[in-house]
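Colleague: Note that the numbering used here has the sequence shown beginning at 967, numbered continuously upward.
Here's a structure for you.
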Amino acid sequence: MLDVEGLSFGYGARVVGEGVAFTLMRGEVLAVLGGNGCGKTTFFRTLLGLLPALAGKVVIDGLDVARMSPQGRARRFAYVPQQHAAPFAFTVTDAVLMGRAADVGWFAQPTADDRLLAAEALERVGIGQLGRRPMTEISGGERQLALIARALAQGAGVLVLDEPTANLDYGNKLRVLREIERLRGEGRTILFSTHDPDHALAHADRALLMADGRVLALAAVADALTDEALSALYKVPVRVTEVAGVRRVFPVTR
């Protein structure tokens, strides 16, 4: 269980967002939506303990994340950042194996089981054939898929995905969204940010809408993603409409 209690976040004296509170149970999915620069990444980094909270706290399974060691956090959270530049020419397989670091001793080598988990994770996101390629020689979209594979290999109960479909073509977007559904079915708790409200409607249980350092809405997806809330969030008129039994968001044309 993940509890976020009155969380305020930012940098030093600069408050980016405040008063965020929710509880996610095993297998629940939360989508975070907001414009560029609204604080989604800062929120995620604070949630993960990478930035200190300005107020409030994050608790997982009864433990305060701020008091955990990096290894303890890595066993509970897996993180896929929004952007990643590969500074070294690690192979894709080696990059995915880094997700096993919390379970490998300081001077130990990855085991055969670790390598099997890495290979399975690469296959799950559809890039098993890239295992021997250097991270510096694959596309940005392929690197994104490799980072998602690393998070899968990590085996953590909570996955935090910062715009996981960014830079991906249509087919790979579908692979990632299908993987979110599969992980939900396995009982993983997932938080993901997105600029596409249709992704939230289709794949999340709840939605958090952020704008100008405040929470516009935090509720079940159907209650949070309304015409009024989304129009206020994106500052353009939109309408949520059901098409063939699926709720979709469309711009309002005049």
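Built from N, CA and C at the ideal position, the CB exists for glycine as well.
With a threshold of 16 other CB atoms inside 10 Å of the CB of Y1045, please say whether the residue is buried or exposed.
Modeller: Locating residue 1045 in the sequence shown gives position 79, counting from the first residue. It counts as buried.
Colleague: Nearest-angstrom Cα distance between D1178 and Y977?
Modeller: As a first step, residue 1178 is located in the sequence shown; it is residue number 212 there, counting from the start. As a first step, residue 977 is located in the sequence shown; it is residue number 11 there, counting from the start. Using only the alpha carbons, I get a separation of about 15 Å.
Colleague: Can you give me the start and stop residues for the beta strand (DSSP E) that R1287 sits inside?
Modeller: Residue 1287 cannot be examined here, being either before or after the span of the chain that is shown, 967 to 1220.
Colleague: Check each candidate in V1142, A1168, L1149 and name the one with the smallest Cα separation from G1107.
Modeller: In the sequence shown, counting from the first residue as 1, residue 1107 sits at position 141. The shortest Cα separation from G1107 among V1142, A1168, L1149 belongs to V1142.
Colleague: Taking contact to mean at least 3 C-beta pairs separated by less than 8 Å, is the segment 986 to 1001 in contact with the segment 1152 to 1160?
Modeller: Touching, yes, given that three or more Cβ pairs across the two stretches are closer than 8 Å.
Colleague: Considering only the beta carbon of each residue, do V1031 and G1015 sit closer than 8 Å?
Modeller: Position 65 of the sequence shown, counting from 1, holds the residue named residue 1031. Position 49 of the sequence shown, counting from 1, holds the residue named residue 1015. The answer is yes: Cβ separation under 8 Å.
Colleague: Kindly indicate which three-state DSSP category M1064 falls into: helix, strand or coil?
Modeller: Mapped onto the sequence shown, residue 1064 falls at position 98. It is helical.
Colleague: Considering I1104, what are the terminal residues of the beta strand (DSSP E) in which it resides?
Modeller: What you label residue 1104 is simply residue 138 of the sequence shown in a count that begins at 1. Looking at the DSSP string, I1104 is not in any beta strand (DSSP E), and its letter there is neither H nor E.
Colleague: For the beta strand (DSSP E) holding G1179, just list the boundary residues, first then last.
Modeller: Mapped onto the sequence shown, residue 1179 falls at position 213. Per DSSP, G1179 belongs to no beta strand (DSSP E) and is neither H nor E.
Colleague: If we count Cβ pairs, one from each stretch, closer than 8 Å, do we get three or more for the segment 1082 to 1092 versus the segment 1107 to 1117?
Modeller: Yes, the segment 1082 to 1092 is in contact with the segment 1107 to 1117.
Colleague: Hey, is the segment 1120 to 1139 in contact with the segment 1033 to 1048, meaning 3+ C-beta pairs nearer than 8 Å?
Modeller: The segment 1120 to 1139, when compared against the segment 1033 to 1048, does touch it at the 8 Å Cβ threshold.
Colleague: From G1092, F1054, L1149, pick the residue whose C-alpha is nearest to that of T1102; which is it?
Modeller: Against the sequence shown, residue 1102 aligns to sequence position 136. Considering only alpha carbons, the answer is F1054.
Colleague: Taking the Cβ atom as the reference point for each residue, do G1097 and T1057 lie within a distance shorter than 8 Å?
Modeller: Within the sequence shown, the letter at position 131 stands for residue 1097. Within the sequence shown, the letter at position 91 stands for residue 1057. Yes; because the gap between Cβ atoms is below 8 Å, this pair is in contact.
Colleague: Grab me the residues of A1226's own chain with a C-beta within less than 6 Å of its C-beta, minus the 5 sequence neighbours each way, in chain order.
Modeller: The question about residue 1226 has no answer, for the chain in this structure spans 967 to 1220.
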